[in-house]
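In my numbering, the protein residues as written are 105 to 292.
No residue lacks a Cβ here, since even glycine has one placed at the ideal position from N, Cα and C.
Just so you know, these numbers come straight off a predicted model, no measurement behind them.
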């Protein structure tokens, strides 16, 4: 009987510990601007994680946004790159693996009332600027634009050793048909 109880207690403890560990944030940051606050949290381990963005200060809808992401959050910035008086939240994601491919999750506070998603076109759709791209992206806000930097690989370059320099793409935020989108403004 003692073995059965001990086994049950160990199993319960293992399940409880696993459940608590899975709910611990792997990333957590809160940013504020212009009276709007964004709390960004990811939970989970491995390459798939749960991203939760909890806004506060919006006049109409402060409902948390939940998304599954592939990779981990490498940075978060709040800005107003379209200078409309309402902030945007930019969350930079880095995929697992040696390529460390970058992606973006972003939202704009529409006149400080609710959030709309910001769309960044896939880099592979850009036939010119995707040449030599093999990941290792970095994102940042600069000069009222979103900048994306990555090393350029020449044919035959190993993943560790790109020899084609650095490419920088700068995007401006524009109103689209059903939301916001980032449009290529400048290439360096």
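Query, Result
"State whether the region 176 to 193 contacts the region 230 to 245, with contact taken as three or more CB pairs (one from each stretch) at a distance under 8 Å.", "yes"
"Measuring straight from C-alpha to C-alpha, what distance separates residue 258 and residue 201?", "20 Å"
"List the endpoints of the continuous beta strand (DSSP E) containing residue 206.", "206 to 214"
"Since residue 252 sits in a beta bridge, which residues does DSSP pair it with?", "243 and 273"
"Are the beta-carbon atoms of residue 157 and residue 142 separated by less than 8 Å?", "yes"
"In the DSSP assignment, find the beta strand (DSSP E) that holds residue 221 and state where it starts and stops.", "218 to 223"
"Can you tell me which of 205, 262, 166 and 291 puts its alpha carbon nearest to the alpha carbon of residue 303?", "In the structure as shown, the chain begins at 105 and stops at 292. Residue 303 is therefore absent and cannot be evaluated."
"Looking at C-alpha atoms only, which residue of 272, 193 and 271 is the closest neighbour of residue 220?", "193"
"How would you label residue 134, buried or exposed, when you count the other beta carbons within 10 angstroms and need 16 or more for buried?", "exposed"
"Can you tell me whether residue 192 is helix, strand or coil according to DSSP?", "strand"
"Short of 8 Å in beta carbon distance, which residues of its chain neighbour residue 150, apart from the five on each side in sequence? Order them along the chain.", "200"
"Using a 10 Å radius around the Cβ and a threshold of 16 neighbouring Cβ atoms, would you call residue 125 buried or exposed?", "Only weak support exists for where residue 125 lies, its pLDDT of 47 falling under 50; the coordinates are left without a value."
"Given that a residue counts as buried once 16 or more other Cβ atoms are within 10 Å of its Cβ, and exposed if not, what is residue 198?", "buried"
"Measuring straight from C-alpha to C-alpha, what distance separates residue 216 and residue 288?", "25 Å"
"By how many angstroms is the C-alpha of residue 180 removed from the C-alpha of residue 230?", "25 Å"
"For residue 235, count neighbouring Cβ atoms within 10 angstroms of its own Cβ and tell me buried if that reaches 16, exposed if not.", "exposed"
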